[in-house]
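Only one structure is covered here, and it is reproduced in the block below.
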Amino acid sequence: MAEISTEVNKEIIEEWPTQNTAKFGRNLTASEVHYYLEFQEYPNTSETGFASIYNVSGWDENEAQKAFAMNNIQYSYGGNGTICKVQNCDFFSGIRVSKEQRNCFSVKVCEFASKELDVGHTSVDFSKSFFKNIFDANEKFHEKTTLCVFAKAYECHCEYIDQNGVKCNGIPKLCEFNQVRGWFNNIKKKFIGCTNWKLKEKHRYLTIPNNVDLELLETMFSEYSYHPYGIDFKNDEVNTVDECFMVRPNIARSDECPFLHKVENRIVKGSVSKKASACPVTFYHIIPENLKECPFIATVSKKVFNCELHPSLNNQSKIDYYIGKTRRSQYPYGQNILGVTHEFMKHEKRFLDSGQYIVVCATKQQLKAIPELTYFEIDMAFKRIHGVTNEWEVSAYVSRIQKSELNFIYFNLFNFL
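Following this line, the structure appears as structure tokens:
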């Protein structure tokens with residue numbers, strides 16, 4: 263997401279003071295109102311209603327609607343729902359708004375779930391051991407999922423048969439390709455291929471699920487070998503869990519818990535299913551039609567969650583998409599030397615073209631310090647020449663940190679290129 267330039271009083275903290283009962287409609291009220299600058303993925307709720315009001319001043323309207331959309335809430339929700347236009351919202355007096363209503367769809371839990379998961383909640387406190395146990399279970403789940411993908415890659419052999427009728431004996435390999443979206447919008451994607459792949463030959467191609475830890479998978483392929491009978495999980499009591507905190511979103515397709523459970527003298531895997539009792543919580547999302555006129559978005563939630571939360575990973579691909587989209591729009595040629603060239607050409611009219619160009623290589627902190635300097639020095643004792651390009655070391659003393667800032671300057675670099 264692109265950085266938003268907004269002037270905010272530094273004395274104002276992220277969460278502003280509460281407010282008395284607020285009315286959002288004929289039958290929709292909230293006994294608590296809290297103001298935020300950032301979206302709450304796990305919004306608070308209460309029997310009498312809890313309103314989260316987001317200040318989106320300075321945001322682009324389209325970007326604000328995406329960043330503060332209801333689908334960013336990390337509770338599973340759905341149903342037919344209703345979206346209606348309201349001429350005059352009580353809370354946003356005189357403002358036309360769009361109001362959406364959805365119901366919480368609960369979650370899926372293991373049949374051997376801990377009794378602690380039966381307790382309802384109205385807020386999420388990540389410092390509590392209860393929520394920490396859920397997130398730890400989720401981390402282990404992704405680790406196990408990654409190991410399963412690694413094992414599947416070796417157990418599913420390449421089915422390619424050449425012109426001589428010989429079946430491919432290649433082993434799996436982690437590969438990467440560029441997905442082209444426009445002239446300069448390339449996205450790198452990883453997949454599992456075959457070591458014997460050649461152009462125009464259809465070897466194995468396995469997609470990698472979104473819930474796989476790519477960093478761990480890369481480590482597995484580069485540093486480990488596969489042994490199908492290396493561990494006997496069925497008889498290994500060390501891998502069993504006493505209390506299962508495995509929580510999956512309602513839309514999860516898997517019906518098997520990845521953890522082993524000890525039941526009497528047996529070690530079994532549990533099944534994952536939706537909780538029997540429905541969650542009574544209802545979400546209301548209210549967005550003014552003109553965010554410039556009224557730069558606030560409201561989410562109202564009522565009743566108490568009788569379901570647990572699942573970790574905030576559902577929208578990771580969407581977040582990556584928006585980050586990539588913003589980066590591509592700002593730096594269509596990347597952030598390497600071509601990107602520097604593009605930035606220079608784009609802003610060429612702002613500079614005096616003397617035919618000489620300078621590129622400064624420095625850290626982000628050093629670049630911030632340069633405008634504050636009254637002088638800087640060029641160390642002529644340290645000079646290197648690369649063709650027509652001269653390299654110098656630049657230093658300056660920064661009094662507030664009592665240290666010297668070092669930069670490297672490359673002179674006539676673009677003439678050299």
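Using the working numbering, the first residue of the sequence shown is number 263, and each one after it goes up by one. Even glycine gets a Cβ: it sits at the ideal position worked out from N, Cα and C. A quick note: this is a predicted structure, and the numbers were derived from the prediction, not measured.
Where DSSP assigns a beta bridge to residue i, which residues make up the other side?
i	result
Ser-355	Per DSSP, none; premise fails for Ser-355.
Ile-335	DSSP lists no partner for Ile-335.
Ala-313	Val-295, Val-562
Ser-385	Ser-385 pairs with nothing; no bridge assigned.
Lys-536	Lys-370
Ser-308	Lys-564
Glu-518	Ser-533
Ala-415	In the DSSP output, where bridge partners are listed per residue, Ala-415 has none listed.
Val-255	Residue 255 is absent from the structure shown; the chain starts at 263 and stops at 679.
Ala-375	Cys-506
Tell me whether residue i sits in a helix, a strand or coil according to DSSP, three-state version.
i	result
Gln-363	strand
Phe-286	coil
Val-509	strand
Val-543	coil
Leu-630	The sequence as given places Lys at residue 630; Leu does not occur at that position. In this structure, Lys-630 counts as helix in the three-state DSSP scheme.
Cys-410	helix
Lys-554	coil
Asn-577	Here the model assigns Asn-577 a pLDDT of 43, short of 50, so the residue's position is not dependable and the matter cannot be decided.
Glu-303	coil
Glu-405	helix
Glu-421	coil
Ala-624	coil
Ile-640	strand
Determine, using beta carbons only, whether residue i and residue j come nearer to each other than 8 Å.
i	j	result
Phe-312	Ser-563	yes
Lys-452	Cys-437	yes
Asp-517	Glu-405	no
Cys-366	Cys-541	yes
Ala-329	Phe-301	yes
Met-482	Phe-412	yes
Gly-432	Asn-458	yes
Met-566	Thr-283	Reading off the sequence shown, one finds Val at residue 566, where the question assumed Met. Against a cut-off of 8 Å, the Cβ pair of Thr-283 and Val-566 comes out as no contact.
Ser-376	Phe-558	no
Lys-511	Val-318	Contrary to the premise, residue 511 reads as Pro rather than Lys in this sequence. Against a cut-off of 8 Å, the Cβ pair of Val-318 and Pro-511 comes out as no contact.
Thr-307	Val-543	yes
Ile-549	Gln-363	no
Tyr-416	Glu-463	no
His-465	Cys-420	yes
Glu-555	Val-359	no
Glu-294	Ile-335	no
Ile-454	Pro-471	no
Thr-561	Ser-314	yes
Glu-323	Leu-553	yes
Val-621	Ile-640	no
Going by other Cβ atoms of all chains shown within 10 Å of its Cβ, with 16 needed for buried, is residue i buried or exposed?
i	result
Tyr-546	buried
Gln-349	exposed
Pro-520	buried
Gly-532	buried
Tyr-316	buried
Cys-410	exposed
Cys-346	exposed
Lys-361	buried
Gln-578	With a pLDDT of 45 at Gln-578, under the threshold of 50, the predicted position of this residue should be treated as unreliable, though the coordinate-derived value follows. Flag for Gln-578 reads exposed.
Thr-408	buried
Cys-623	exposed
Pro-633	exposed
Phe-439	exposed
Leu-479	buried
Leu-635	exposed
Leu-461	exposed
Consider the Cβ of residue i: report whether some Cβ of chain C lies at a distance smaller than 8 Å.
i	result
Glu-294	Included in the structure is just one protein chain, with no chain C present.
Just list the beta strand (DSSP E) runs in the stretch 424-485, keeping only unbroken ones of 3 residues or longer that don't cross its boundaries, in chain order.
434-442, 448-456
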